[in-house]
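Everything below concerns the one structure shown next.
In UniProt numbering, the protein residues as written are 1 to 308.
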C-alpha cells in the first residue's frame, strides 16, 4: 500500500514537472511581426526575454498593460480609438501572450522593468500608462521606479493589494505543494473562471473559452503563471501607493467579483490624485462590458490638460 502510494506520488510529481516547466525560445505557432487591422506587431529582446508588442497611431506615447493570464488582445476595443490621438504601445508581458515563458523573475517590479525598457526601445521619454487588473500592479511599480517618466495612470479594476489575494494564491507560494495545487487549479474548467469575470453571461462565448484553452496549451504557461502569482507580494510595498502623485483614473465594474469595488474605493483613497469611475452592470472587464463609456472616459482623461 505504501509502495503504491509512493509510486502514485512519483508519477504525479513527474506529470507536474512537465506542467511546470518553463519554455525557452519563441512560442510555437506565434505569428510573425507585421501589419494588423490596427497597428504593427514586433518582437524585441528586453531584459533577457523576447517580448511581443503592438504599435499603432501617432502622438504622445501611451503603454497598455494587460492583466493576469491575459494578453494585449484584452485591449482590442481600446487600441483603435486611442490610436487616433496617441502613439499606442501594447505589449504581452513576460510569460503571457506571445512573449517568452523562460525561467526568471515575474514580479510586478521585473515586469515594470520590461515595460520601461520597451518604452526606451521605442524612444518614448515620457508616457501615459493604462493597465488592467494585475497589470495595474505593474503600472504602479513602474510609477514608483520611474516617476519622472509616467505622466498619467489609468487603471481598470486594479489587483494591487495583499488583501485581494485568495487564500489559494497564498498557499501557492509554498514550494512543491504549491506547485502541485496551482498546476491542478490553473488548467481546471477555464469556462468557470471566465464566467466569474463577467456580469453578463452573454460575453462568455465558446470562442472565448476556446481561445483560453488554446493559450493554456502553450508550453511554459503554467510555470510562468505560478511565478507571477508568487511575485504578488503586495504586503511589502502597497504602503507606497500614497506617494504616487500622477493624475490617476480608476475605472471599475460595479459588479466585479474578481477585484471587488471596495478595493477601488480603497485605492482612490490611497492615491493622492485619483478619481474613481464606476460602471453599473459590469464585471472585471469594463473595456468589454462597458466598452463605449469606459473608452470615452479614458480618452477624456488622457486628452485633458494637466492642472497647473
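Where is the CB? At the ideal position from N, CA and C, for every residue including glycine. Predicted model, so just to flag it, every value in this text is computed and none were measured.
Residue 96 vs residue 66 beta-carbon contact at 8 Å
For residue 96 and residue 66, yes; Cβs fall inside 8 Å.
Residue 152 burial status per 10 Å Cβ neighbour count (16 or more: buried)
Flag for residue 152 reads buried.
Contact the stretch 298 to 307 vs the stretch 254 to 270: 3+ CB pairs below 8 Å:
Cβ pair count under 8 Å is below three, so no.
Roughly how many whole angstroms lie between the Cα atoms of residue 262 and residue 247?
Straight-line Cα distance between these residues: approximately 20 Å.
Can you find the residues in the same chain that come closer than 7 Å, C-beta to C-beta, to residue 85, ignoring five residues on each side of it along the sequence?
Cβ neighbours of residue 85 beyond the five flanking positions: 59, 299 and 303.
Tell me, please, which residues DSSP counts as bridged to residue 137.
In DSSP, residue 137 forms no bridge with anything.
Which runs of the beta strand (DSSP E) spanning at least 3 residues fall entirely within the stretch 215 to 285, listed in chain order?
248 to 253 and 274 to 279, all fully within the stretch 215 to 285.
What number of angstroms, rounded off, separates the C-alpha of residue 49 from the C-alpha of residue 111?
Going by the C-alpha atoms only, they are around 11 Å apart.
If you run the structure through DSSP and keep just helix, strand and coil, what is residue 173?
In this structure, residue 173 counts as coil in the three-state DSSP scheme.
Just the Cα atoms here: how many angstroms apart are residue 54 and residue 61?
Rounded to whole angstroms, residue 54 to residue 61 spans 13 Å at the Cα level.
Expressed to the nearest angstrom, what Euclidean distance is found between the alpha-carbon atoms of residue 221 and residue 279?
Whole-angstrom Cα-Cα distance: 32 Å.
In the DSSP assignment, what are the bridge partners of residue 55?
Here residue 55 is bridged, per DSSP, to 40 and 89.
Can you look up residue 45 in the DSSP assignment and give me helix, strand or coil?
Annotated three-state conformation of residue 45 is strand, per DSSP.
Among all the DSSP beta bridges, which residues are the ones paired with residue 35?
Residue pairing by DSSP puts residue 35 in a beta bridge opposite 40.
Between 56, 79, 171 and 163, which has its C-alpha nearest residue 238's C-alpha?
Selected option, being the one with the closest Cα: 163.
Under 8 Å between the Cβ atoms of residue 285 and residue 154?
At the C-beta level, residue 285 and residue 154 stay beyond 8 Å of one another.
Since I believe residue 203 is in contact with residue 288 (beta carbons under 8 Å), could you give me their beta-carbon distance rounded to a whole number of angstroms?
Rounded, the Cβ-Cβ distance is 6 Å, consistent with contact.
Give the straight-line distance between the Cα atoms of residue 198 and residue 99, rounded to the nearest whole angstrom.
Approximately 26 Å between the Cα atoms of the pair.
Three Cβ pairs or more, each shorter than 8 Å: is that satisfied between the stretch 125 to 142 and the stretch 230 to 244?
The stretch 125 to 142 makes contact with the stretch 230 to 244; the number of CB pairs closer than 8 Å reaches 3 or more.
Given a threshold of 16 other Cβ atoms within 10 Å of its Cβ, counted over all protein chains shown, does residue 40 qualify as buried or as exposed?
Its Cβ having fewer than 16 others within 10 Å, residue 40 is exposed.
Same chain only: Cβ atoms within 7 Å of residue 213, ignoring 5 sequence neighbours per side:
Cβ within range, chain order: 190.
Express the C-alpha separation of residue 133 and residue 217 in angstroms, rounding to a whole number.
As the crow flies, the alpha-carbon of residue 217 is around 23 Å from that of residue 133.
Nearest residue (CA-CA) to residue 26, options 106, 294 and 94
If we check each option's Cα against that of residue 26, 94 comes out closest.
When 90, 146 and 244 are compared against residue 272, the one with the closest alpha-carbon
Comparing Cα-Cα distances from residue 272 to each of 90, 146 and 244, the minimum goes to 244.
Span of the alpha helix (DSSP H) holding residue 193?
Membership of residue 193 in the alpha helix (DSSP H) is indicated by the continuous run 190 to 195.
List the whole-angstrom C-beta distance separating residue 158 from residue 124, where the pair is believed to meet the contact cut-off of C-beta under 8 Å.
Wrong, their Cβ atoms sit about 23 Å apart, outside the cutoff.
Tell me the residue span of the alpha helix (DSSP H) that contains residue 120.
Note, residue 120: alpha helix (DSSP H), 108 to 121.
Taking just the CA atoms, how far does residue 282 sit from residue 224?
Just so you know, the alpha carbons of residue 224 and residue 282 end up roughly 29 Å apart.
To which residues of the same chain is residue 268 closer than 8 Å at the C-beta, ignoring the five residues directly before and after it?
Residues 250, 274, 275 and 276 of the same chain have their beta carbon placed closer than 8 Å to that of residue 268, with the five preceding and five following residues left out of the count.
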